[in-house]
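Here is the structure we will look at.
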Amino acid sequence: MMNSLTKDSLAIILICSDIGLNMKNDDSLKPYTVSQWNKLFKRLEQSSLKKPGALFSSDEQVWSKELNLPKDEILRLKKLLARAGQVGIEIEQLQSQGINITTWAEETYPKRLKEVVKEKSSPMFYYCGNLDLLKTKTVAIVGSRNIDENGLNYTKKFVTRSVKEELTIVSGGAKGVDIIAQETALTSGGSVISVLSDSLSKKIKQKKVREAIINGKLLLFSAVSPKAYFTVYNAMNRNKYIYGLSNFALVVSSDENKGGTWAGALENIKNKWVPLFVRQGKDVPKGNQKLINMGAKPLNEEVLDNKNIRLLNWLNDNTSIIQEKQKYSQPGLFNSLRPQ
531 MMNSLTKDSL
541 AIILICSDIG
551 LNMKNDDSLK
561 PYTVSQWNKL
571 FKRLEQSSLK
581 KPGALFSSDE
591 QVWSKELNLP
601 KDEILRLKKL
611 LARAGQVGIE
621 IEQLQSQGIN
631 ITTWAEETYP
641 KRLKEVVKEK
651 SSPMFYYCGN
661 LDLLKTKTVA
671 IVGSRNIDEN
681 GLNYTKKFVT
691 RSVKEELTIV
701 SGGAKGVDII
711 AQETALTSGG
721 SVISVLSDSL
731 SKKIKQKKVR
741 EAIINGKLLL
751 FSAVSPKAYF
761 TVYNAMNRNK
771 YIYGLSNFAL
781 VVSSDENKGG
791 TWAGALENIK
801 NKWVPLFVRQ
811 GKDVPKGNQK
821 LINMGAKPLN
831 EEVLDNKNIR
841 LLNWLNDNTS
851 IIQEKQKYSQ
861 PGLFNSLRPQ
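Under the numbering used here, think of the first position of the sequence shown as 531, with each following residue one higher.
In structure tokens, the structure reads:
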């Protein structure tokens, strides 16, 4: 694995991941956050170093002069980069479990995240499964953990229609709507991208998960360590990746003014990442209608029941977001960091 990573990728992993870090012994040594990394990368880009891999062939004096970093920041960076040996061992251990890493500098990094989420996206991800699913047409399905029978039936109906039209389902893998959508897709012969906020290492040990991965039907994707425990922050933070990896998004059920589904939908509306559709019908949660009032497109069950309607065409015809303009209107800071 180490041999297949570019120097740029290795630098990103050392700087931005907690692999091989013992923060109990040194709580001042923490990996860079996304915003901290963006600031560092902009300085690299504007210097003679240009790319993160150049940090390996330069020293503290160069960093101070070229990057204008304070002494404590230089010391932190030096310590993070010095653990390449331990990180290499742990990366190989992850690979033996089937877990790999991609970074901004790799061809395998999702293009949609660069184009849609841009600088808010993590510079690196852990993954296990079929990366080719990232190249397919995708629809995210999200909703509350507590779902009634109407919502359950609607979710299954939408997923079944999507699978028949070869749409890949993007899910957060949480209880409720997420896991129902994921399991329905897989049992129907469809494909799933599951964006996890914790426990990737545990997830891949599940029999059904392993079988789906082996069959090329599942991709597990995560911005956090494979050993990470659940936190509310990580669960909320992965919302942008669920939306960013999708061509369309559907909210099956959402509380009003609270919860992860509501927060993620608002974030998507604000940033205009992808076209947002919301289940409309009898006894839907209040949050659903509120999202529709804020600009999301209603999708009632009659559309799903109408066999004369091709779902993908309907989604395309009813979107108010022009994705081609989104892709190319803002180049962002990613453009100069391309695989060699």
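We put the beta carbon where it would ideally sit given N, CA and C, even for glycine.
From the listed residues Ser594, Ala742, Ile772, the smallest Cα separation to Arg573 is found for Ser594. Glu831 and Leu806 have their C-alpha atoms spaced approximately 16 angstroms apart.
When C-alpha distances from Lys802 are compared across Ile699, Lys580, Ser547, Val647, the shortest belongs to Val647. Counting C-beta atoms within 10 angstroms of its own C-beta, Ile744 has fewer than 16 neighbours from the protein chains shown and is therefore classed as exposed. In this structure, Phe760 is the residue among Ser718, Ala704, Phe760, Ala742 with its C-alpha nearest to the C-alpha of Asp728.
The alpha-carbon separation between Arg768 and Val725 amounts to approximately 7 angstroms.
By the neighbour-count criterion, in which 16 or more other beta carbons inside 10 Å mark a residue as buried, Gly673 falls on the buried side. Beyond the five residues adjoining it in sequence on each side, Gln616 comes within less than 6 angstroms, by CB distance, of Gly550 in the same chain, given in chain order.
DSSP places Gly659 inside the beta strand (DSSP E), whose first and last residues are 654-659. Note on geometry: alpha-carbon atoms of Leu611 and Gln627 lie some 25 angstroms from one another.
Selection Lys757, Val782, Phe751, Ser755 evaluated against Lys770 yields Phe751 as nearest (Cα-Cα). Per DSSP, the continuous alpha helix (DSSP H) segment holding Thr717 begins and ends at 707-717.
Within the DSSP bridge table, the entry for Ser724 names Ser701, Leu750 as partners. Distance between Leu682 and Asp548, taken at the CA atoms: about 38 angstroms. The three-state reading of DSSP puts Ile671 in strand, counting E and B together.
Of the residues Lys747, Val739, Ile619, Gly774, the one whose Cα lies closest to the Cα of Thr698 is Lys747. The DSSP-derived three-state label of Pro582 is helix.
Under DSSP, the beta-bridge partners assigned to Ile631 are Tyr656.
The beta-bridge partner set that DSSP reports for Lys733 is empty. Between the alpha carbons of Ala779 and Ala670 lies a distance of about 4 angstroms. Comparing alpha carbon positions, the residue from Ala753, Glu636, Thr685 closest to Tyr657 is Ala753. Looking at Lys580, Met824, Glu679, the one whose alpha-carbon comes closest to that of Ala635 is Lys580. By DSSP's assignment, Gln810 forms a beta bridge with Asn830.
Distances from the alpha-carbon of Ser651 to those of Val782, Asp785, Cys546, Asn846 put Cys546 closest. In this structure, the alpha-carbon of Leu663 lies about 7 angstroms from that of Leu749. DSSP places Val693 within a helical segment (H, G or I) once states are collapsed to three.
A distance of 9 angstroms or more separates the beta carbons of Gly825 and Trp792. Minimum Cα-Cα distance from Lys641 among the listed residues Lys800, Lys694, Asn777 corresponds to Asn777. Judged by their CB atoms, Val689 and Thr714 are nearer to each other than the 9 angstroms cut-off. Its chain contains Val707, Ile710, Ala711, Val782 as the residues whose beta carbon lies nearer than 6 angstroms to that of Thr685, once the 5 sequence neighbours on both sides are disregarded; these appear in chain order.
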